[in-house]
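Scroll down for the structure; my scribbles are underneath it.
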Amino acid sequence: MTDIRETAEAHAAACRRAIDEGQPRPGYTGPSLIGADLTEANLAGARLAGACLSGARLAGACLSGADLTGADLTWADLAGARLAGARLAGACLSGARLTSAVLIGAGLAGANLVEARLAGADLAGADLAGANLAGANL
Numbered sequence: 252m253t254d255i256r257e258t259a260e261a262h263a264a265a266c267r268r269a270i271d272e273g274q275p276r277p278g279y280t281g282p283s284l285i286g287a288d289l290t291e292a293n294l295a296g297a298r299l300a301g302a303c304l305s306g307a308r309l310a311g312a313c314l315s316g317a318d319l320t321g322a323d324l325t326w327a328d329l330a331g332a333r334l335a336g337a338r339l340a341g342a343c344l345s346g347a348r349l350t351s352a353v354l355i356g357a358g359l360a361g362a363n364l365v366e367a368r369l370a371g372a373d374l375a376g377a378d379l380a381g382a383n384l385a386g387a388n389l
């Protein structure tokens, strides 16, 4: 069985390469916003399913009710972001910074939260069924 840390590190390395090359990783079908600075942006209700947001800066952004199903948010900075009711099923949030984020009622079923930083995050009513929280900082 593959060690979860090795898997997370390999995934992180692939994402760093994609960020360096400015390319989305294969398998992501939505818009490519790799490394975008969307700090405090109002993206409430945005349709970003399948988007590649690796390394994006979304600190303090409003993503309430946004559809981020299957999106790549690896190493994204979502500190203090408002994601109440957001749909993040199957999203990759490996290594993401979600400290003090509001995820009330968010759909995170099957999401990859390996090594995610969730200290102070409000996960009340969030659906975490099948989510991978290995190494996450809660």
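Residues 252 to 389 (the working numbering) make up the sequence shown, in order. Ideal Cβ positions, reconstructed from N, Cα and C, are used throughout, including at glycine. Please read all numbers here as calculations on a predicted model, not as lab measurements.
**Asked** By DSSP, does residue 311 sit in helix, in strand, or in coil?
**Response** Coil at residue 311, not helix or strand.
**Item:** Per-residue DSSP class, three states only, for residue 386
**Value:** If DSSP states are grouped into helix, strand and coil, residue 386 belongs with coil.
**Asked** Nearest to residue 366 by CA position, among 360, 346 and 355, is which residue?
**Response** Taking only the C-alpha atoms, the option nearest residue 366 is 346.
**Prompt:** residue 378 to residue 357, Cα distance in whole Å?
**Reply:** Distance between the alpha carbons of residue 378 and residue 357: 6 Å.
**Asked** Going by DSSP, which residues form a beta bridge with residue 283?
**Response** Looking at the DSSP output, residue 283 sits in a beta bridge with 303.
**Request:** Determine the contact status of residue 382 and residue 364, defining contact as a CB-CB distance below 8 Å.
**Result:** Going by C-beta atoms, residue 382 is nearer than 8 Å to residue 364.
**Asked** Are the Cβ atoms of residue 337 and residue 319 separated by less than 8 Å?
**Response** In contact: residue 337 and residue 319 (Cβ atoms closer than 8 Å).
**Item:** Proximal residues to residue 288 (C-beta, below 8 Å), its chain only, five neighbours per side dropped
**Value:** Here the set comprises 307 and 308.
**Asked** Quick one: what does DSSP say residue 358 is sitting in, helix, strand or coil?
**Response** Note: residue 358 maps to strand in three-state DSSP.
**Prompt:** When you compare only the Cα positions, how much space is there between residue 284 and residue 302?
**Reply:** In a straight line, the C-alpha of residue 284 is about 7 Å away from that of residue 302.
**Item:** Counterpart residues of residue 353 in DSSP-defined beta bridges
**Value:** For residue 353, which the question treats as bridged, DSSP gives the partners 333 and 373.
**Request:** Compare the C-alpha of residue 310 against each of 374, 327, 355 and 344 and name the closest.
**Result:** Nearest option by C-alpha distance: 327.
**Request:** Determine the closest residue to residue 350 out of 286, 282, 298 and 389, with distance taken between C-alpha atoms.
**Result:** Comparing Cα-Cα distances from residue 350 to each of 286, 282, 298 and 389, the minimum goes to 389.
**Item:** residue 296 burial status per 10 Å Cβ neighbour count (16 or more: buried)
**Value:** Per the 10 Å Cβ criterion, exposed.
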